[in-house]
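Reminder that position 50 of the sequence shown reads as 50 in full-length UniProt numbering, one-by-one numbering, no gaps. From the three backbone atoms N, C-alpha and C, an ideal C-beta is built for every residue, glycine too. In what follows, a single structure is set out as structure tokens and then discussed.
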Amino acid sequence: MMRLVPESAMEELEKQLLCPVCLEMFSKPVVILPCQHNLCRKCANDIFQEANPMWQSRAGSGLSGSAGGRFRCPSCRHEVTLNRHGVFGLQRNLLVENIIDIYRQQNSLKRAPLSPQLMCEEHPDEKINIYCVLCETPTCSLCKVFGRHRDCEVAPLGTVYVRMKSELSDGIAGLIATNDHLQAVMSQMEDACRTIEVVSHQCEHLRLSFAALERLLDQRKQHLVEMITEHQDEQLRHVRTLIRAHGGRLEGGVALVENAIQTMDEPHIRCGKWLNRNIVSAAPCPPHVWRAADLASCQTLRSEMTPAEKPETSWRSLLLCLSLTLL
Numbered sequence: 001m002m003r004l005v006p007e008s009a010m011e012e013l014e015k016q017l018l019c020p021v022c023l024e025m026f027s028k029p030v031v032i033l034p035c036q037h038n039l040c041r042k043c044a045n046d047i048f049q050e051a052n053p054m055w056q057s058r059a060g061s062g063l064s065g066s067a068g069g070r071f072r073c074p075s076c077r078h079e080v081t082l083n084r085h086g087v088f089g090l091q092r093n094l095l096v097e098n099i100i101d102i103y104r105q106q107n108s109l110k111r112a113p114l115s116p117q118l119m120c121e122e123h124p125d126e127k128i129n130i131y132c133v134l135c136e137t138p139t140c141s142l143c144k145v146f147g148r149h150r151d152c153e154v155a156p157l158g159t160v161y162v163r164m165k166s167e168l169s170d171g172i173a174g175l176i177a178t179n180d181h182l183q184a185v186m187s188q189m190e191d192a193c194r195t196i197e198v199v200s201h202q203c204e205h206l207r208l209s210f211a212a213l214e215r216l217l218d219q220r221k222q223h224l225v226e227m228i229t230e231h232q233d234e235q236l237r238h239v240r241t242l243i244r245a246h247g248g249r250l251e252g253g254v255a256l257v258e259n260a261i262q263t264m265d266e267p268h269i270r271c272g273k274w275l276n277r278n279i280v281s282a283a284p285c286p287p288h289v290w291r292a293a294d295l296a297s298c299q300t301l302r303s304e305m306t307p308a309e310k311p312e313t314s315w316r317s318l319l320l321c322l323s324l325t326l327l
């Protein structure tokens, strides 16, 4: 059977169950804010709508998306941020709701007519005034003296009541503290989940950025390789043209030298004058051929076509070429 709680304790409990907005007892459902204060969901929604007048119109038109809103806790002024679900995304405080039910039940018992003094079942004329500690049941003095509890340890009923009430109050306080701690831990876990989601989105963005950069570098590399190959082929054709041109002149000069040596013999001295004219005419090289065969140009060409002596440093030149092609 439920025992009546003293009036002072009921009044103190009622103060703890008052909503700071409507100043009445919490009405279900009761929601708990991130700052661990409680509100009626209706009162929380009224404050939220007043602080975010455009939220209802966005929600009604289907344009709310992921936008939520903010309002301040009426108890501690802590700023509360809500998602697109508004106050309906807040968790219910089932413990407070259960305490409200117990409070109302106690009130109903208090308003009901008090039952007559409890009497002992074995001794109908004796009031129950002691508590058997061993059997954990209330009894009367005659049961202790002559009845079944004569060998048991007993205590005054009022003393046991005060002790049990204190233990129950401590248990309720511990349960409330545990609930508050669990709510705080859950809030921290939700914050951690949101942080992990943000980091995951950032990682995906970095992955896409690196993939795009890799594709761009591959394109630029292919373009540079094609440019270098084309330049090498062009220079190679130019050098081979010079080799063929000078090779032909070299063969003609060698033939003239051989003929000149033979002409120096006495039997061929008559051809010497004609051969000398050919040598004189073949000796000077046309200016455009000399310019093409300039030694400095050949050395420059060789330096352009020579690979880098240190491949590990050639990437700097590649980056320079890449930056020039991007301009």
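Same chain only: Cβ atoms within 8 Å of residue i, ignoring 5 sequence neighbours per side
{"i": "residue 48", "result": "55, 69, 71, 82, 86 and 87"}
{"i": "residue 137", "result": "131"}
{"i": "residue 157", "result": "128, 129, 130, 131 and 138"}
{"i": "residue 76", "result": "35 and 37"}
Check whether residue i and residue j have beta carbons under 9 Å apart
{"i": "residue 19", "j": "residue 26", "result": "yes"}
{"i": "residue 13", "j": "residue 103", "result": "yes"}
{"i": "residue 100", "j": "residue 42", "result": "no"}
{"i": "residue 97", "j": "residue 30", "result": "yes"}
{"i": "residue 95", "j": "residue 176", "result": "yes"}
{"i": "residue 74", "j": "residue 17", "result": "no"}
{"i": "residue 51", "j": "residue 33", "result": "no"}
The alpha helix (DSSP H) enclosing residue i, as first and last residue numbers
{"i": "residue 339", "result": "There is simply no residue 339 to check, as the chain begins at 1 and stops at 327 in what is shown."}
{"i": "residue 142", "result": "141-145"}
Cut-off 7 Å between Cβ atoms - residues of its own chain near residue i, not counting five sequence neighbours on either side
{"i": "residue 79", "result": "70 and 72"}
{"i": "residue 134", "result": "152 and 153"}
{"i": "residue 122", "result": "143 and 147"}
Those residues which DSSP pairs with residue i across a bridge
{"i": "residue 241", "result": "Residue 241 is not bridged to any residue."}
{"i": "residue 138", "result": "131"}
{"i": "residue 79", "result": "72"}
{"i": "residue 227", "result": "Answer by DSSP bridge pairing: none, since residue 227 is not bridged."}
{"i": "residue 30", "result": "40"}
Where the beta strand (DSSP E) containing residue i begins and where it ends
{"i": "residue 87", "result": "Premise fails: residue 87 is in no beta strand (DSSP E) and is neither H nor E."}
{"i": "residue 69", "result": "69-72"}
{"i": "residue 154", "result": "154-156"}
{"i": "residue 21", "result": "Looking at the DSSP string, residue 21 is not in any beta strand (DSSP E), and its letter there is neither H nor E."}
Nonlocal neighbours in the same chain, by C-beta distance under 6 Å from residue i, ignoring five residues either side
{"i": "residue 112", "result": "Interpretation of residue 112 is limited by its pLDDT of 49, a score under 50 that renders its predicted location unreliable; no figure is taken from the coordinates."}
{"i": "residue 3", "result": "For residue 3, the predicted structure reports a pLDDT of 49, less than 50, and the residue's modelled location is therefore unreliable. A value from the coordinates is still provided. Counting only Cβ-Cβ distances below 6 Å, and skipping sequence neighbours, we find nothing."}
Query - the segment 136-143 contacting the segment 119-127, beta-carbon criterion three pairs below 8 Å - result: yes
Query - contact_flag[the segment 169-183, the segment 88-97] where n(CB pairs < 8 Å) is 3 or more - result: yes
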